[in-house]
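Numbering follows this note's numbering, in which position 7 of the sequence shown is assigned residue number 26; successive positions increment by one, without gaps.
Ideal Cβ placement from N, Cα and C applies to all residues, glycine included.
Just below is one structure, and these are the notes that go with it.
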Amino acid sequence: MKNEVKDIGIDVKAPETVCNDQHCPFHGKLPVRGQVIDGVVVSDKMQNTAVVERNYLNYDHKFERYVKKSSRYSAHCPPCLNVKPGDAVRMVECRPLSKTVAFVIVEKR
Ligand SMILES: [Zn+2]
């Protein structure tokens, strides 16, 4: 296992632990590009995948006020980050890793 951490091109602090997940942007071979989204982990029951929820306000022109909305993403969760439900995380878009996963968690915040 290599002890070096790759520079993923995004200003986040690198994880302190090392993993040998090939889909880890720091220790594997997964390039990241595209959107950066902050959210909260709501489930980590899948293997190396977490559900991340993002809450935002959307302006409703008919009623002239903001409406609370939320959306959920399946995101790949490298084992070196040790993410638990309730953690605020930052995830970055990557290539599609499965039918529903096109984001990877890069930082606990
Ligand atoms: Zn890793």
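Assumed close pair Arg109, Val86 - CB separation to whole angstroms, cut-off 8 angstroms: Actually they do not touch by this definition, with Cβ atoms about 25 angstroms apart.
Per DSSP, what kind of secondary structure is Leu100 in: helix, strand or coil? Helix, per DSSP.
Quick test of your reading: His46 and Val24, contact by CB under 8 angstroms. State the CB separation rounded to the nearest angstrom. 7 angstroms
Please work out which residues of its chain come closer than 7 angstroms, Cβ to Cβ, to Ser93, disregarding the five sequence neighbours upstream and downstream, and give them in chain order. Thr68, Val70, Thr119 and Val120
Here's the rule: buried if 16 or more other CB atoms are within 10 angstroms of the residue's CB, otherwise exposed. What is Ile27? buried
Is it true that the region 48-64 meets the region 98-113, where meeting means three or more beta-carbon pairs spaced less than 8 angstroms apart? Yes: at least three Cβ pairs fall under 8 angstroms.
Neighbour-count burial assignment, Pro97, 16 or more Cβ in a 10 Å radius: buried
Taking only the alpha-carbon atoms, compute the straight-line gap between Glu72 and Arg91 and give it to the nearest angstrom. 4 angstroms
For a quick check, are the C-beta atoms of Cys113 and Val55 less than 7 angstroms apart? no
Taking Ser117 as the reference, give the member of Cys38, Ala33, Gly53 and Gln66 with the closest Cα. Gln66
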